[in-house]
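> Dropping the structure in here first, questions after.
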């Protein structure tokens with residue numbers, strides 16, 4: 029079975045994770061979280077979102093977090109940017125990696141970012157012009173690529189069309205997202221099989237959620253299709269299975285452990301990463317959704333593999 | 029990607045699941061559990077273990093459960109049998125499908141069944157003679173095939189040797205077991221790659237645990253290697269991630285949902301299965317480890333896919 033020798037893990041915990049956690053972290057704890065993630069070898073960290081604090085109160089402190097952050101050479105610190113106000117805030121903060129947020133489903137787009145898909149692309153175009161002027165690297169998220177909570181099935185052709193459109197705008201990477209965690213490996217192959225003849229596979233990231241337990245199976249399917257960029261959230265932060273509306277983020281340690289078990293290099297120190305999860309677990313009440321973290325905690329100090 | 033068109037799901041919840049649950053089910057509830065599993069289309073159900081009640085108190089009621097059970101035509105009801113006393117109890121109960129329990133690691137074998145591997149095979153030989161005289165179908169479990177909590181790595185050659193030995197005794201199926209949930213897909217391919225030239229792939233079942241979140245990825249790897257028999261536990265029963273020593277059983281609904289998503293037939297009615305999980309969740313305090321079940325419960329009645 030041919031698999032890539034190296035995978036880039038994009039850590040989204042401080043953004044996608046904390047965004048959904050009801051227990052907000054302080055600026056100091058968020059900064060410590062991000063610095064520890066960098067120390068554990070995560071090469072790309074999404075640190076927050078320059079969105080309206082009215083809409084996403086949990087991200088209101090992104091400017092303060094970025095200002096307080098000691099940046100580690102070689103680590104890319106990225107942030108979500110919804111519009112021109114957001115990109116100016118990012119520029120002031122010294123962020124050079126930004127991400128746009130689009131969807132494949134009209135209903136999801138309207139409910140999530142309050143814009144039609146066409147309007148969201150009009151916004152992207154304006155933001156991209158500014159991003160290029162500022163020399164920023166831009167990633168695009170494409171949500172609901174494997175199913176929409178409102179519209180149901182999403183045709184792979186639609187994913188291809190919108191991915192192509194994002195790349196045409198100058199986005200360097202598109203995160204094909206399983207927003208509600210409904211994908212199965214067959215779907216991953218179908219969507220990637222539709223994308224592969226049209227876009228460079230190196231420009232495709234997979235953003236998978238473990239809502240129904242299939243995230244790592246979908247990672248495996250993605251690896252077999254040649255994908256080398258995968259998103260994950262430290263500890264599975266934001267994915268608490270008992271919280272209604274939780275997104276079920278794939279946990280970084282679950283991902284890294286499987287990749288290392290497959291002989292795939294990530295540059296991440298798994299033990300150090302588990303230390304970061306411990307740090308965050310202590311701050312949000314003890315439990316994290318990550319299966320690997322739970323197994324590690326249950327066996328720690330017992331000198332056994334379980 | 030070539031995958032088998034049909035998979036046999038072996039439901040181990042009433043045995044492997046309840047064995048580890050601290051909250052014991054009554055005989056009546058266990059019987060109702062098993063009958064509902066049959067009603068949901070599970071073709072093989074492990075109903076209990078004819079082991080010493082001194083060693084496994086939670087299985088003490090297996091004789092009573094089997095006696096009270098209304099059996100559904102076409103469903104195989106199986107039970108664990110450790111020795112001659114066990115097989116006589118199985119015969120009296122009218123059980124014709126039994127399972128032996130062996131390990132690849134000496135330390136695990138001694139701690140789990142209080143016998144060396146050689147001694148366990150001596151026992152198997154005696155039990156097999158009686159099983160053949162009684163016309164029983166015998167499955168063999170081989171635990172710790174992907175790692176032992178005491179001895180660490182297990183060479184694939186050892187798995188092959190012991191699988192071969194079990195088949196030579198007349199066992200018709202060997203459940204290659206990831207007892208502590210440490211397998212990764214690379215290991216699954218290595219172990220199955222070592223087995224495939226030596227034993228018929230149709231005689232191999234995979235018994236995977238989701239302790240570290242990789243069970244469905246390992247199922248996918250197994251499917252790609254031609255395995256068509258997978259064990260799982262309704263609701264993930266026995267695998268509560270917060271219970272120390274919990275085994276992390278792969279949940280039947282997580283498995284069935286992925287298989288159906290891959291277009292693989294199982295004969296299982298997923299909605300009916302979720303009803304069985306609801307029944308069991310109500311009896312053991314509300315929560316079950318299954319990710320699919322949790323997502324289904326969180327969205328039930330909201331008219332959305334999440």
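Chains as they are written, first to last, in my numbering: chain A, 29 to 334; chain B, 29 to 334. In this text, a Cβ means the ideal position worked out from N, Cα and C, and glycines have one as well.
Would you say the region 37 to 54 of chain B touches the region 300 to 317 of chain A, given that touching needs at least three Cβ pairs under 8 angstroms?
no
> Give the residues of chain B in contact with residue 143 of chain A, contact being defined as C-beta atoms less than 8 angstroms apart.
Locating residue 143 of chain A in the first chain gives position 115, where the first residue counts as 1. What residue 143 of chain A touches in chain B: nothing, since even the nearest Cβ is about 20 angstroms away.
> Could you tell me which chain A residues have their CB closer than 7 angstroms to the CB of residue 319 of chain B, listed as they occur along the chain?
Stepping through the second chain from its first residue, residue 319 of chain B is reached at position 291. What residue 319 of chain B touches in chain A: 238, 239, 240, 241, 269.
> In whole angstroms, what separates the C-alpha of residue 192 of chain B from that of residue 110 of chain B?
Taking the first residue of the second chain as position 1, residue 192 of chain B is located at position 164. Taking the first residue of the second chain as position 1, residue 110 of chain B is located at position 82. Approximately 20 angstroms between the Cα atoms of the pair.
> What are the uninterrupted segments assigned as alpha helix (DSSP H) that are 4 or more residues long and contained completely in the region 162 to 212 of chain A, given in chain order?
Segments of the alpha helix (DSSP H) lying fully in the region 162 to 212 of chain A: 184 to 196.
> Based on Cα-Cα distance, which residue from A/241, A/199, A/87 lies nearest to residue 166 of chain A?
Within the first chain, the letter at position 138 stands for residue 166 of chain A. If we check each option's Cα against that of residue 166 of chain A, A/199 comes out closest.
> If you draw a straight line from the C-alpha of residue 298 of chain B to the C-alpha of residue 132 of chain A, how long is it?
For the purposes of this step, residue 298 of chain B is taken as the residue at position 270 of the second chain. For the purposes of this step, residue 132 of chain A is taken as the residue at position 104 of the first chain. Distance between the alpha carbons of residue 298 of chain B and residue 132 of chain A: 28 angstroms.
> Counting only beta-carbon separations shorter than 8 angstroms, does residue 247 of chain B have a partner in chain A?
Indexing the second chain from 1 puts residue 247 of chain B at position 219. By this cut-off, residue 247 of chain B is an interface position.
> Beta carbon of residue 125 of chain A, beta carbon of residue 105 of chain A: below 8 angstroms?
Position 97 of the first chain, counting from 1, holds the residue named residue 125 of chain A. Position 77 of the first chain, counting from 1, holds the residue named residue 105 of chain A. Cβ distance < 8 angstroms, so residue 125 of chain A and residue 105 of chain A count as in contact.
> Using only CA atoms, which one of A/129, A/130, A/135, A/107 lies nearest to residue 123 of chain A?
Walking along the first chain from the start, residue 123 of chain A turns up at place 95. Among A/129, A/130, A/135, A/107, the Cα nearest to that of residue 123 of chain A belongs to A/107.
> Would you kindly report the start and end of the unbroken alpha helix (DSSP H) that includes residue 91 of chain B?
Locating residue 91 of chain B in the second chain gives position 63, where the first residue counts as 1. Taken as a continuous stretch (DSSP letters only), the alpha helix (DSSP H) holding residue 91 of chain B covers 90 to 96.
> Can you confirm whether residue 282 of chain B, when its beta carbon is compared against all beta carbons of chain A, has any partner nearer than 8 angstroms?
Translated into positions along the second chain, residue 282 of chain B becomes position 254. With 8 angstroms as the cut-off, residue 282 of chain B counts as an interface residue toward chain A.
> Please list, in chain order, the residues of the region 201 to 229 of chain A that have any C-beta partner in chain B closer than 9 angstroms.
207, 208, 209, 210, 211, 212, 213, 214, 215, 217
> Is residue 239 of chain B closer than 8 angstroms to residue 208 of chain B when the C-beta atoms are compared?
For the purposes of this step, residue 208 of chain B is taken as the residue at position 180 of the second chain. For the purposes of this step, residue 239 of chain B is taken as the residue at position 211 of the second chain. Closer than 8 angstroms, so yes.
> Just to confirm, are residue 310 of chain A and residue 241 of chain B a CB contact at a threshold of 8 angstroms?
The residue you call residue 310 of chain A lines up with position 282 of the first chain. The residue you call residue 241 of chain B lines up with position 213 of the second chain. No, Cβ-Cβ distance for residue 310 of chain A and residue 241 of chain B is not below 8 angstroms.
> On the criterion of 16 or more Cβ atoms from any shown chain inside 10 Å, does residue 177 of chain B qualify as buried, or is it exposed?
Working through the second chain from its first residue, we reach residue 177 of chain B at position 149. When all chains shown are included, residue 177 of chain B counts as buried.
> Three-state secondary structure (DSSP) at residue 330 of chain A?
The residue labelled residue 330 of chain A in the question sits at position 302 within the first chain. The pLDDT assigned to residue 330 of chain A is 47, lower than 50, so where the model puts this residue is not dependable, and the model offers no usable value.
> If you drop the 5 nearest sequence neighbours on each side, which residues of the same chain put their C-beta closer than 6 angstroms to that of residue 220 of chain B?
As a first step, residue 220 of chain B must be located in the second chain, where it is residue number 192. 253, listed in sequence order.
> Please tell me whether residue 309 of chain A has its Cβ less than 8 angstroms away from any Cβ of chain B.
Here residue 309 of chain A refers to the residue found at position 281 when the first chain is read from its first residue. Judged by the 8 angstroms Cβ criterion, residue 309 of chain A is not in contact with chain B.
> Find out if the Cβ-Cβ distance for the pair residue 215 of chain A, residue 52 of chain B is shorter than 8 angstroms.
As a working mapping, residue 215 of chain A is identified with position 187 in the first chain. As a working mapping, residue 52 of chain B is identified with position 24 in the second chain. No, Cβ-Cβ distance for residue 215 of chain A and residue 52 of chain B is not below 8 angstroms.
> Out of B/146, B/152, B/226, point me to the one whose CA is closest to residue 184 of chain B's CA.
Locating residue 184 of chain B in the second chain gives position 156, where the first residue counts as 1. Checking every option, the nearest Cα to that of residue 184 of chain B belongs to B/226.
> Quick one: is residue 244 of chain B near chain A, going by C-beta distance under 8 angstroms?
Within the second chain, the letter at position 216 stands for residue 244 of chain B. So, interface residue.
> Taking the straight line between their C-alpha atoms, what separation do you get for residue 323 of chain B and residue 261 of chain B?
Mapped onto the second chain, residue 323 of chain B falls at position 295. Mapped onto the second chain, residue 261 of chain B falls at position 233. Rounded to the nearest angstrom, the two C-alpha atoms are 17 angstroms apart.
> Taking the alpha-carbon positions, what's the residue 211 of chain B to residue 66 of chain B distance?
Counted from its first residue, the second chain places residue 211 of chain B at position 183. Counted from its first residue, the second chain places residue 66 of chain B at position 38. Cα-Cα distance, rounded: 30 angstroms.
> By Cβ distance, which residues of its chain are closer than 8 angstroms to residue 127 of chain A, with the 5 residues on each side in sequence left out?
Counting from 1 along the first chain, the entry for residue 127 of chain A is found at position 99. Answer for residue 127 of chain A: 74, 106, 107, 108, 109, 166, 167, 168, 169, 203, listed in chain order.
> Once DSSP output is grouped into helix, strand and coil, what is the label at residue 123 of chain A?
As a working mapping, residue 123 of chain A is identified with position 95 in the first chain. Three-state DSSP puts residue 123 of chain A in coil, outside helix and strand.
> When you compare the CB positions of residue 94 of chain A and residue 258 of chain A, do they come within less than 8 angstroms of one another, or not?
Counted from its first residue, the first chain places residue 94 of chain A at position 66. Counted from its first residue, the first chain places residue 258 of chain A at position 230. If you check the CB distance, residue 94 of chain A and residue 258 of chain A do not come in under 8 angstroms.
> Spell out whether any CB of chain B is found under 8 angstroms from the CB atom of residue 45 of chain A.
In the first chain, counting from the first residue as 1, residue 45 of chain A sits at position 17. No, because no Cβ of chain B sits closer than 8 angstroms to the Cβ of residue 45 of chain A.
> Secondary structure at residue 73 of chain B, three-state DSSP: helix, strand or coil?
Stepping through the second chain from its first residue, residue 73 of chain B is reached at position 45. Correct three-state label for residue 73 of chain B: strand.
> Leaving aside the five residues before and after residue 82 of chain A along the sequence, list all residues of the same chain whose C-beta is less than 6 angstroms from its C-beta, in chain order.
Locating residue 82 of chain A in the first chain gives position 54, counting from the first residue. Here the set comprises nothing.
> Apart from the five residues just before and just after residue 187 of chain A, which ones in its own chain have a Cβ nearer than 8 angstroms to its Cβ?
Within the first chain, numbered from 1, the residue matching residue 187 of chain A stands at position 159. Excluding sequence neighbours, residue 187 of chain A sits near 132, 170, 173, 204, 219, 222, 223.
> Would you please verify whether the beta carbon of residue 265 of chain A is less than 8 angstroms from any beta carbon of chain B?
On the first chain, position 237 is the one that residue 265 of chain A refers to. By this cut-off, residue 265 of chain A is not an interface position.
> For a cutoff of 8 angstroms on Cβ pairs, would you count residue 290 of chain B as touching chain A?
If you number the second chain from 1, residue 290 of chain B lands on position 262. It does: the Cβ of residue 290 of chain B has a partner Cβ on chain A nearer than 8 angstroms.
> Using only alpha-carbon positions, find the residue among B/286, B/285, B/284, B/264 that is nearest to residue 276 of chain B.
To locate residue 276 of chain B, count along the second chain from 1; it is residue 248. When only C-alpha atoms are compared, the closest one is B/264.
> Alpha carbon to alpha carbon, how far is residue 32 of chain B from residue 162 of chain B?
Taking the first residue of the second chain as position 1, residue 32 of chain B is located at position 4. Taking the first residue of the second chain as position 1, residue 162 of chain B is located at position 134. Spanning the two alpha carbons is a distance of roughly 33 angstroms.
> Note down the Cα distance separating residue 59 of chain A from residue 80 of chain A, rounded to an integer number of angstroms.
On the first chain, position 31 is the one that residue 59 of chain A refers to. On the first chain, position 52 is the one that residue 80 of chain A refers to. C-alpha separation (whole angstroms): 20 angstroms.
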